[in-house]
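Since the structure comes first, as structure tokens, the remarks are kept for the end.
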Amino acid sequence: MSVILSRPRYSAPRRWLHWGMFALVLLAYVCINVFDLFPKGTAVRANILAAHFVAGIAVLLLVLPRLMLRVRHVAPPITPPLAQATALMSKLTHLALYLFLLLQPLLGVITLQVGGKAVTLFGVTLLPALFGPGNHALAHQLEDIHGTIGTVFYYVIGLHILAGLWHHFVRHDDTLQRMTGEAELAR
Ligand code: HEM
Ligand code: HEM
């Protein structure tokens, strides 16, 4: 007789939020890296930059339900269990990633508002400038901090991805399967 055992894994909403937000962060990074290839004043440049803003704002909106799920439910156990130092490393990386998902888009929105700029996509204003013409010098300083955080997190996200691949291909545990959903084990 064959029995299907279901291994513990992240719930479907948590998996969808993880991969959906990964796609949005990727989109935000791609847009900010390509918009400068187009001449200033063109609609395509403005819309690609606006797509950066919209993807980032979507991350900001989704991180709140995601954090609520994170607080309410513990992560499913990893088989075989991790050494204490590895478990601590992964907890710290996840904490850093959550702070990034919350603070980076928030800082982006604050930067635009301080600079007195609206978010407009294809001519439709999605987020108006709420506080008048703004303070451009301060907006530039905030933009620099936002850019620096964006650069630092290339490395943190890179480390997180390498860790996921290391679990799967080197340590051969179920860390990645818990996040992809292929966690059924036939016996
Ligand atoms: C996960 C979300 C986000 C990430 C990873 C991210 C990352 C970045 C990065 C890497 C840069 C380039 C900085 C540079 O090269 O100097 C940048 C620029 C910028 N971002 Fe974001 N960002 C995010 C969300 C947002 C949001 C939500 C807004 C505003 C609604 C925003 C507004 C800006 C602005 C105004 C710039 C400067 C663009 C320019 O050079 O004119 N960002 N962002
Ligand atoms: C923008 C990119 C990414 C961000 C911001 C991100 C963020 C996160 C966060 C915050 C967690 C903790 C989940 C929780 O406990 O609630 C997590 C878990 C996880 N992520 Fe990512 N992730 C990204 C990309 C990826 C990619 C590309 C992979 C593929 C290798 C991946 C694999 C995993 C795995 C396997 C877990 C579960 C780890 C565990 O439970 O110990 N992530 N991710």
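Sequence positions in the sequence shown follow this note's numbering and run 168 to 354. Glycine residues also receive a C-beta, built at the ideal position from the N, C-alpha and C atoms.
{"query": "Classification of M346 by the beta-carbon crowding that lies within 10 angstroms, buried from 16 upward", "result": "buried"}
{"query": "Check: T278 C-beta below 6 Å from any heavy atom of ligand 3", "result": "Inclusion of ligand 3 in the displayed structure is not the case, the ligand content consisting of ligand 1 and ligand 2 alone."}
{"query": "Heavy atom of ligand 1 within 6 Å of V192 beta-carbon", "result": "yes"}
{"query": "Per-residue DSSP class, three states only, for L194", "result": "helix"}
{"query": "Inter-residue Cα distance where the pair is V337 and A190", "result": "25 Å"}
{"query": "Proximity to L309 [Cα-Cα], best of W333, T278 and L293", "result": "T278"}
{"query": "Same chain, Cβ closer than 8 Å to P206, neighbours up to 5 away in sequence not counted", "result": "R212"}
{"query": "Cβ-heavy atom distance, G208 to ligand 1, below 6 Å", "result": "no"}
{"query": "Buried versus exposed, by CB contacts within 10 Å (16 or more), I199", "result": "buried"}
{"query": "Those residues which DSSP pairs with T287 across a bridge", "result": "T292"}
{"query": "Cβ neighbour criterion (16 or more within 10 Å) applied to L305", "result": "exposed"}
{"query": "Cβ neighbours of P272 in the same chain (closer than 7 Å, five flanking residues each side left out)", "result": "G223, I224, V226 and L227"}
{"query": "Through-space distance from S257 to D340, alpha-carbon basis", "result": "14 Å"}
{"query": "Residues near F220 in its chain [Cβ-Cβ closer than 6 Å; skip 5 each side]", "result": "V286"}
{"query": "Helix, strand or coil at Y177 according to DSSP, with G and I counted as helix", "result": "coil"}
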